[in-house]
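Some notes on the structure that comes next.
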Amino acid sequence: MGILFLPILLLLMYFMILRPQQKQRKQQQQMLTTLDVGDDVILESGIYGTISDLDGATVFIMIADGVEIKVAKSNVARLISYADDSELD
Numbered sequence: 055m056g057i058l059f060l061p062i063l064l065l066l067m068y069f070m071i072l073r074p075q076q077k078q079r080k081q082q083q084q085m086l087t088t089l090d091v092g093d094d095v096i097l098e099s100g101i102y103g104t105i106s107d108l109d110g111a112t113v114f115i116m117i118a119d120g121v122e123i124k125v126a127k128s129n130v131a132r133l134i135s136y137a138d139d140s141e142l143d
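My numbering numbers the first residue of the sequence shown as 55 and each following residue consecutively.
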């Protein structure tokens, strides 16, 4: 009984903790590869903006008229979907 406890515990930990993290990382990476100029995004810091240019691992974000910031592509947290305007309220 004691011999089976550790492998079962490790399998349980894999499926409850590690596997969901891997899936989330894969989804984030896929989202980063589909970024395009004109996409509205939210950065990890909570800044909302529109992608004005892409340059490899760097993204230029327009956050206001005439105000553009340069950030690492990995700082983009998610794309904004205007189908659900509730996140802007």
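Even glycine gets a Cβ: it sits at the ideal position worked out from N, Cα and C. Fair warning: this is a prediction, and the values are worked out from it, not measured in the lab.
Using CA coordinates, which residue listed in 117, 88, 113 and 85 is at the minimum distance from residue 100?
-> Start at 1 with the first residue of the sequence shown, and residue 100 comes out as number 46. Closest option to residue 100, Cα to Cα, is 117.
Alpha carbon to alpha carbon, what distance is there between residue 119 and residue 78?
-> In the sequence shown, residue 78 corresponds to position 24, counting from 1. In the sequence shown, residue 119 corresponds to position 65, counting from 1. Roughly 33 Å separates the two Cα atoms.
Sub-7 Å separation of residue 123 and residue 113 beta-carbons = Start at 1 with the first residue of the sequence shown, and residue 123 comes out as number 69. Start at 1 with the first residue of the sequence shown, and residue 113 comes out as number 59. Not in contact: residue 123 and residue 113 (Cβ atoms no closer than 7 Å).
Quick one: Cα of residue 103 to Cα of residue 128, how far?
-> The residue given as residue 103 occupies position 49 in the sequence shown. The residue given as residue 128 occupies position 74 in the sequence shown. So the alpha carbons of these two residues sit roughly 15 Å apart.
Close-in-space but distant-in-sequence residues of the same chain around residue 83 (CB under 7 Å, 5 per side omitted) = Along the sequence shown, read from residue 1 onward, the residue named residue 83 stands at position 29. The answer is none, since no qualifying residue turns up.
What's the gap between the Cα of residue 87 and the Cα of residue 76?
-> Translated into positions along the sequence shown, residue 87 becomes position 33. Translated into positions along the sequence shown, residue 76 becomes position 22. Roughly 17 Å separates the two Cα atoms.
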